[in-house]
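In the numbering used here, the protein residues as written are 1 to 291.
Using N, Cα and C, we set each Cβ at its ideal position, and we do this for glycine too.
Just so we're clear, the structure is a prediction, and the values are computed from it rather than from any experiment.
Heads up, the thing below is written out as structure tokens.
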Amino acid sequence: MVVTPTMRTTCGSLLVALSVLSAQAECLAAKDFARVALAGGSITETVYFLGLQHRIVAVDSTSLYPEDAKSLPNMGYVRALSAEGVLSLNPTLVIGENDMGPPYVLQQIERTNVELVRIDEENSALGILRKVECIASVLGQAEKGGDRISSDLMPLAERLAEIGEQVEIRPAAAFILSMGDGTAMAGGNSTSADGFLRMAFTQNSFVSFDGWKPVSAESLLNASPEFLVIAPMDQDLTDTAEQLRGLDAIRDLPAVQNRKYVIVESMASLGFGPRTLSTAVSVAEAIHGPP
């Protein structure tokens with residue numbers, strides 16, 4: 001791989017940002033991380049990535065990766081936790097994504113002197129590195145986190161930066177969630193889908209609205225994305241291409257007719273855990289070509 005001066009600057013900036021992170025209060029080592037409850041799929045994925053899964057006593061219902069996580073005690077949905085459900089598992093520490101809640105439940109948990117850490121969400125390559133670094137630090141394994149970032153994640157961040165160097169014009173793209181009932185949901189502004197499309201050096205065709213919205217064939221045709229990134233909600237990618245070409249909302253789109261689409265796993269692309277970097281590289285290469 002040829003490392004350009006701009007790449008060195010980009011990756012150097014990432015390292016500087018990570019070094020500043022270690023001083024942030026929310027990323028200091030917890031007092032007791034022997035028994036950890038995790039609320040958020042990307043948090044669970046990251047703890048497994050760090051090889052610290054032996055400390056997990058419970059996860060939430062979005063923690064579907066890796067497969068082993070599904071067999072752990074489940075606390076319910078990340079945004080709808082109950083104090084009783086969490087505390088019954090005797091955690092010494094709760095780590096959650098920034099949408100963990102509801103707030104009054106978190107207050108109840110904190111009043112029992114169980115330490116609670118909320119990890120900031122930043123839908124970017126740097127945000128992923130920060131998340132891994134922060135979780136490693138909270139679990140008293142900052143050095144191990146730095147090693148895994150250097151060996152596994154920085155090469156992907158560098159490759160992504162290298163792809164970006166060759167992109168002159170970012171093509172319009174849409175991120176579509178394919179629901180089980182045949183509905184197509186588009187990711188608008190302020191969504192993880194928008195962040196993912198930016199990571200892949202494209203422009204989101206649906207920044208006119210915030211959040212996720214169901215979209216019709218007409219609205220998709222009007223938006224006219226050159227590329228589609230499609231995530232089936234059932235996580236089963238087998239024969240997905242043929243199934244998706246049969247969906248009324250997208251089958252007549254030029255991007256589908258011209259096979260300018262990429263099929264991704266929803267959590268791998270939208271979770272912004274370690275897998276999201278490699279998924280972004282794959283999508284960026286599919287759209288722009290390898291560096």
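request  = State the DSSP-derived secondary structure class of ALA172, mapped to helix, strand or coil.
outcome  = Walking along the sequence shown from the start, residue 172 turns up at place 172. In the three-state reduction of the DSSP assignment, ALA172 falls in the strand class, which pools E and B.
inquiry  = Just to confirm the assignment, what range does the alpha helix (DSSP H) spanning GLY127 have?
reply    = Within the sequence shown, residue 127 is the residue found at index 127, counting from 1. Looking at the DSSP string, the run of the alpha helix (DSSP H) that includes GLY127 is 125–138.
query = Under the three-state reduction of DSSP, which class applies to ARG118: helix, strand or coil?
reply = Indexing the sequence shown from 1 puts residue 118 at position 118. It is a strand residue.
inquiry  = Just to confirm my understanding: we take THR62, look at its own chain, exclude 5 residues before and 5 after, and list those with CB closer than 6 Å. What are they?
reply    = What you label residue 62 is simply residue 62 of the sequence shown in a count that begins at 1. Contacts found: GLY41 and VAL78.
ask   = Is it buried or exposed for VAL3, if we count other Cβ within 10 angstroms and need 16 for buried?
value = Here residue 3 corresponds to residue number 3 of the sequence shown, with the count starting at 1. Reliability of the predicted coordinates at VAL3 is poor, the pLDDT of 36 falling under 50, and the value obtained from them is presented with this limitation in mind. The residue is exposed, with fewer than 16 neighbouring Cβ atoms inside 10 Å.
Cβ neighbours of PHE196 in the same chain (closer than 6 Å, five flanking residues each side left out) = Position 196 of the sequence shown holds residue 196. Cβ within range, chain order: SER269.
query = In its own chain, which residues sit with a C-beta less than 7 Å from the C-beta of ALA223, not counting the 5 before and 5 after it?
reply = As a first step, residue 223 is located in the sequence shown; it is residue number 223 there, counting from the start. These residues qualify, in order along the chain: ALA174, SER205 and PHE206.
ask   = Nearest-angstrom Cα distance between LEU277 and LEU221?
value = Here residue 277 corresponds to residue number 277 of the sequence shown, with the count starting at 1. Here residue 221 corresponds to residue number 221 of the sequence shown, with the count starting at 1. Those two C-alpha atoms are separated by around 30 Å.
query = If we count the other Cβ atoms within 10 Å of its Cβ and call it buried at 16 or more, is GLY145 buried or exposed?
reply = Along the sequence shown, one-based indexing puts residue 145 at 145. Flag for GLY145 reads buried.
ask   = Residues in its own chain within less than 7 Å of ARG259 by CB, not counting five upstream and five downstream?
value = Position 259 of the sequence shown holds residue 259. Correct list: empty, nothing qualifies.
key: Where ALA23 falls, given that 16 or more other Cβ within 10 Å makes a residue buried   = By 1-based counting over the sequence shown, the position of residue 23 is 23. Confidence is the limiting factor: at ALA23 the pLDDT is only 46, short of 50, which leaves the residue's position unreliable, though a coordinate-based value still follows. It is exposed - the Cβ of ALA23 has fewer than 16 other Cβ atoms within 10 Å.
query = Which partner residues does PHE227 have in the DSSP bridge list?
reply = Translated into the one-based positions of the sequence shown, residue 227 becomes position 227. According to DSSP, PHE227 shares a beta bridge with ALA173.
Three-pair Cβ contact test at 8 Å for the stretch 50–60 versus the stretch 158–170 = The answer is no - the stretch 158–170 does not touch the stretch 50–60, with fewer than three Cβ pairs under 8 Å.
key: Own chain partners of GLY96 with C-beta closer than 6 Å, once the 5 adjacent residues on each side are dropped   = Against the sequence shown, residue 96 aligns to sequence position 96. Take GLY96, set aside five residues on each side of it, and the residues of its chain with a beta-carbon closer than 6 Å to its own are ALA39, GLY40 and ARG118, in chain order.
query = How long is the line joining the alpha carbons of ALA286 and ASP194, rounded to whole angstroms?
reply = Counting from 1 along the sequence shown, the entry for residue 286 is found at position 286. Counting from 1 along the sequence shown, the entry for residue 194 is found at position 194. The straight-line gap from Cα to Cα measures roughly 18 Å.
key: Unbroken beta strand (DSSP E) run spanning GLU162, endpoints   = Residue mapping note: residue 162 aligns to position 162 of the sequence shown, counting from 1. Note, GLU162: premise wrong, no beta strand (DSSP E); alpha helix (DSSP H) at 154–165.
ask   = Which whole-angstrom value describes the C-beta separation of VAL86 and ILE109, a residue pair presumed to lie in contact below a C-beta threshold of 8 Å?
value = Taking the sequence shown and counting its residues from 1, the one referred to as residue 86 is at position 86. Taking the sequence shown and counting its residues from 1, the one referred to as residue 109 is at position 109. Right, their Cβ atoms sit about 6 Å apart.
request  = Spell out the partners DSSP gives ASP147 in its beta bridges.
outcome  = Here residue 147 corresponds to residue number 147 of the sequence shown, with the count starting at 1. Looking at the DSSP output, ASP147 shares a beta bridge with no other residue.
request  = Whole angstroms is fine: what's the gap from GLU133's alpha carbon to ASP60's?
outcome  = Residue numbering aside, residue 133 sits at position 133 when the sequence shown is read from its first letter. Residue numbering aside, residue 60 sits at position 60 when the sequence shown is read from its first letter. When the Cα atoms are used, GLU133 and ASP60 turn out to be separated by approximately 21 Å.
request  = Measure the Cβ-Cβ separation of MET75 and ALA37 and say whether it is below 8 Å.
outcome  = The residue given as residue 75 occupies position 75 in the sequence shown. The residue given as residue 37 occupies position 37 in the sequence shown. Against a cut-off of 8 Å, the Cβ pair of ALA37 and MET75 comes out as a contact.
inquiry  = So, with DSSP's three-state summary, where would you put SER88?
reply    = On the sequence shown, position 88 is the one that residue 88 refers to. Coil, per DSSP.
request  = Report the residue from VAL47, ALA200 and MET154 whose alpha carbon sits nearest the alpha carbon of ALA69.
outcome  = Within the sequence shown, numbered from 1, the residue matching residue 69 stands at position 69. Here the closest residue by C-alpha is VAL47.
inquiry  = Counting C-beta neighbours from all protein chains within 10 Å, is the total for GLY289 16 or more, i.e. buried, or is it exposed?
reply    = Within the sequence shown, residue 289 is the residue found at index 289, counting from 1. Per the 10 Å Cβ criterion, exposed.
message = In whole angstroms, give me the CA-to-CA distance for ALA217 and ARG148.
response = As a working mapping, residue 217 is identified with position 217 in the sequence shown. As a working mapping, residue 148 is identified with position 148 in the sequence shown. Their Cα atoms are separated by approximately 43 Å.
ask   = Distance, Cα to Cα, THR279 vs ALA58?
value = The count along the sequence shown starts at 1 and reaches residue 279 at position 279. The count along the sequence shown starts at 1 and reaches residue 58 at position 58. Computed Cα separation, rounded: 27 Å.
query = Under a three-way DSSP split, which group does SER178 fall into?
reply = By one-based count along the sequence shown, residue 178 stands at place 178. Assignment of SER178 by DSSP, reduced to helix, strand and coil, places it in the strand class.
query = Within this structure, are the beta carbons of MET185 and PRO214 separated by less than 8 Å?
reply = As a working mapping, residue 185 is identified with position 185 in the sequence shown. As a working mapping, residue 214 is identified with position 214 in the sequence shown. The answer is yes: Cβ separation under 8 Å.
ask   = Which same chain residues, not among the five before or five after GLY140, have their C-beta less than 8 Å away from its C-beta?
value = Working through the sequence shown from its first residue, we reach residue 140 at position 140. Residues of the same chain with a CB within less than 8 Å of the CB of GLY140, apart from the 5 flanking positions on each side, are ALA29, ALA30 and PHE33 in chain order.
query = At what residues does the beta strand (DSSP E) containing VAL36 begin and finish?
reply = The residue labelled residue 36 in the question sits at position 36 within the sequence shown. Note, VAL36: beta strand (DSSP E), 36–39.
key: ASN204 - partner residues in DSSP beta bridges   = On the sequence shown, position 204 is the one that residue 204 refers to. DSSP lists ALA173 as partners of ASN204.
message = Please report the straight-line C-alpha distance between VAL105 and GLY188, rounded to a whole angstrom.
response = Your numbering for residue 105 matches position 105 in the sequence shown. Your numbering for residue 188 matches position 188 in the sequence shown. Rounded to whole angstroms, VAL105 to GLY188 spans 30 Å at the Cα level.
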